[in-house]
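Here is the structure we will look at, set down as structure tokens.
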Amino acid sequence: MMLANVLQSLSGTINNIFLGHMIGVEALAAATVFFPVMFFFIAFVMGLGAGASILIGQAFGKGDHERVRAIAGATLALSLIFGVIVAIFGGIYADELMHWLQTPADIVDEAVKYARIMMITMPAFFIFILFTSMLRGVGDSVTPLWTLAFSTVIGLIVTPALIEGWLGLPRLGVASAAVASLVSMVFALVWLGWYLLSKKHPLAPSAAFIARIRLDPKVLGLVLRLGVP
Numbered sequence: 067m068m069l070a071n072v073l074q075s076l077s078g079t080i081n082n083i084f085l086g087h088m089i090g091v092e093a094l095a096a097a098t099v100f101f102p103v104m105f106f107f108i109a110f111v112m113g114l115g116a117g118a119s120i121l122i123g124q125a126f127g128k129g130d131h132e133r134v135r136a137i138a139g140a141t142l143a144l145s146l147i148f149g150v151i152v153a154i155f156g157g158i159y160a161d162e163l164m165h166w167l168q169t170p171a172d173i174v175d176e177a178v179k180y181a182r183i184m185m186i187t188m189p190a191f192f193i194f195i196l197f198t199s200m201l202r203g204v205g206d207s208v209t210p211l212w213t214l215a216f217s218t219v220i221g222l223i224v225t226p227a228l229i230e231g232w233l234g235l236p237r238l239g240v241a242s243a244a245v246a247s248l249v250s251m252v253f254a255l256v257w258l259g260w261y262l263l264s265k266k267h268p269l270a271p272s273a274a275f276i277a278r279i280r281l282d283p284k285v286l287g288l289v290l291r292l293g294v295p
């Protein structure tokens with residue numbers, strides 16, 4: 067858990083260094099404006115993950131894999147719905163949000179670009195955080211660490227590549243960090259899904275698991291009761 071937190075902090079820090087040194091302090095400032103909003107989303111999904119992890123750990127300990135899938139599926143369904151709402155809202159109202167946050171006029175355009183892409187990535191971000199949290203709930207702290215390491219390495223390659231336009235890639239400016247976050251999470255999730263399927267893990271995205279991705283008020287009530295406080 068400690069190493070995972072270090073990796074996550076390192077990824078964000080190096081991305082900020084890329085923005086500050088390769089583009090300028092205005093780019094760094096534009097990305098920083100979105101941090102309070104990002105922290106709110108992180109707190110929400112981590113609360114869901116904490117509540118789900120407790121219940122999943124109990125079910126996994128009893129060998130009830132169907133219950134594990136039911137809890138994980140219900141939690142993912144709620145997070146996906148919220149993530150899609152955030153993505154739609156961000157795609158439409160990122161400009162208004164940045165003005166509401168009183169973003170300085172000289173960086174507001176870049177801040178809007180960054181915020182819009184980051185909010186559109188929220189469904190993938192929520193899935194990424196939840197899966198790593200739920201895996202810890204079944205006592206596996208190594209797989210989430212490798213997944214985060216894989217995501218971090220990809221992000222640290224893609225960010226400067228999009229800033230400088232390596233290999234003919236478009237130069238995206240401050241949006242490079244946001245796009246890199248999406249790319250790294252998608253690649254990491256694909257790898258994680260393949261790995262879990264190869265291990266026949268109860269949290270693997272199998273047909274049995276996908277069938278349980280639906281809202282279950284009873285399960286979600288327990289998850290929220292444990293995770294929200």
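Taking our numbering, the leading residue of the sequence shown gets 67, the next gets one more, and so forth. Yeah, the Cβ is synthetic: ideal placement off N, Cα and C, and Gly gets one too. On a predicted model such as this, the values are computed, not experimentally measured, just so you know.
Per-residue DSSP class, three states only, for residue i
i, result
"D175", "helix"
"G127", "helix"
"A277", "coil"
"T141", "helix"
"P102", "helix"
"L167", "coil"
"S272", "coil"
Close Cβ partners of residue i (< 6 Å) along its chain, the five nearest in sequence each way excluded
i, result
"R278", "R135, A136, G139"
"T169", "V99, A177"
"S311", "Here the chain comprises residues numbered 67 to 295, so residue 311 is not present and cannot be evaluated."
"T209", "L201"
"V54", "What is shown of the chain runs 67 to 295, which leaves residue 54 out entirely."
"A93", "L85, V240"
"P102", "none"
"H131", "P268"
"A254", "T213, F216, S217"
"A270", "L262, L263"
"G293", "G113, L114, A116, G117"
"R133", "A125"
Limits of the alpha helix (DSSP H) - the one that residue i falls within
i, result
"T218", "208-230"
"K266", "Careful: K266 lies outside any alpha helix (DSSP H) and carries neither H nor E."
"V240", "Per DSSP, V240 belongs to no alpha helix (DSSP H) and is neither H nor E."
"S199", "188-203"
"G287", "283-293"
"L94", "91-98"
Burial state of residue i (16 or more Cβ within 10 Å)
i, result
"A171", "exposed"
"M190", "With the sequence shown as reference, residue 190 is identified as Ala, and Met is not the correct amino acid for it. A190 is buried by the Cβ-count criterion."
"G129", "exposed"
"F194", "buried"
"R182", "buried"
"G157", "exposed"
"L196", "buried"
Other residues of its chain near residue i: CB distance less than 7 Å, five sequence neighbours each side excluded
i, result
"G149", "M188, P189, F192"
"T198", "P210, T213, L214"
"I235", "According to the sequence as given, residue 235 is Leu; it is not Ile. Answer for L235: A227, L228, listed in chain order."
"A167", "Going by the sequence as given, residue 167 is Leu instead of Ala. V99."
Own chain, CB closer than 8 Å to residue i, minus 5 neighbours either side, in chain order
i, result
"G231", "R237"
"W257", "T213, F216"
"L286", "A140, T141, L144"
"V249", "I220, G221, V224"
Cβ of residue i within 8 Å of any chain B Cβ
i, result
"L233", "Checking the listed chains, one finds no chain B in this structure; it contains a single protein chain."
Determine contact between the segment 191-207 and the segment 115-133, defined as no fewer than three beta-carbon pairs at a distance below 8 Å. yes
Under 8 Å: do the segment 152-169 and the segment 178-185 share three or more Cβ pairs, one atom per stretch? yes
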